[in-house]
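Student:
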Amino acid sequence: MSAEDRRAMIVHAVLPLLIEHGANVTSSQIARAAGIGEGTIFRAFKDKDELFDACTAEALRPDHVLDAIAEIPADQPLEDRLVEAAEALGAHLERMGALMSALHASGRVKRRDPEQRLKDGTRKGGRRESMAAIRGAMVELFTPEQDRLRLPPEQLASLFLTLLFGGRRLAADVDAPTTRQVVDFFLHGAVEAG
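Throughout, this note's numbering is defined as the position within the sequence shown, counted from one, plus 505.
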């Protein structure tokens, strides 16, 4: 097994433990969950902090939710496609929230300075890029119905995500809906009457 594969295997084994125990998870628990010796952990990661950082990065990656959305059959009714996507996005957000809450509750709080946050927001794999990828996946769900829609798929994807994420504006989204558009969408829907 390559070093990268071993690291990935350990991260996937440790994520549920971090959600359950937070930063208080022991090396012994990690080794048991991963089916390896404790020494192997520290050959793959210099310390538990590096392992926890890798776990956090993995939990924040949108790959799994993007794969789940991509697997939604385009021939399903739009409502069913959107329900599946919303459930996948909800599970992704719950997993991220559970991990961050558990780590915070167990005393692991890493504060980044504002300069670093700006860098992180624009780097490859950052929050903006993740949101753009999720928005793109949602556009694909709307596209098969394009001739029946009141708004372009790109705008509907933004509206849908705005509603799902509690009305928070997607800062990097150039087509972010206005409050009036969100209300109009809510009251009048996405599909032309007919």
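Glycine included, each C-beta is placed from N, C-alpha and C at the ideal position.
By the three-class DSSP mapping on this structure, what secondary structure does residue 696 have?
Tutor: Three-state result, residue 696: strand.
Student: Select from 637, 598 and 608 the residue whose C-alpha is nearest the C-alpha of residue 560.
Tutor: Closest by alpha carbon: 608.
Student: Given this structure, state the Cα-to-Cα distance separating residue 666 from residue 640, to the nearest angstrom.
Tutor: Computed Cα separation, rounded: 7 Å.
Student: List the endpoints of the continuous alpha helix (DSSP H) containing residue 507.
Tutor: Note, residue 507: premise wrong, no alpha helix (DSSP H); not H, not E.
Student: How close, in whole Å, do the beta carbons of residue 663 and residue 682 come, if the pair is a contact with beta carbons under 8 Å?
Tutor: Indeed they touch by this definition, with Cβ atoms about 5 Å apart.
Student: Under the three-state reduction of DSSP, which class applies to residue 520: helix, strand or coil?
Tutor: Residue 520: helix per DSSP, three-state reduction.
Student: For the alpha helix (DSSP H) that residue 577 lies in, which residues bound it at each end?
Tutor: Looking at the DSSP string, residue 577 is not in any alpha helix (DSSP H), and its letter there is neither H nor E.
Student: Taking residue 598 as the reference, give the member of 568, 612, 645 and 582 with the closest Cα.
Tutor: For residue 598, the nearest C-alpha among the options comes from 568.
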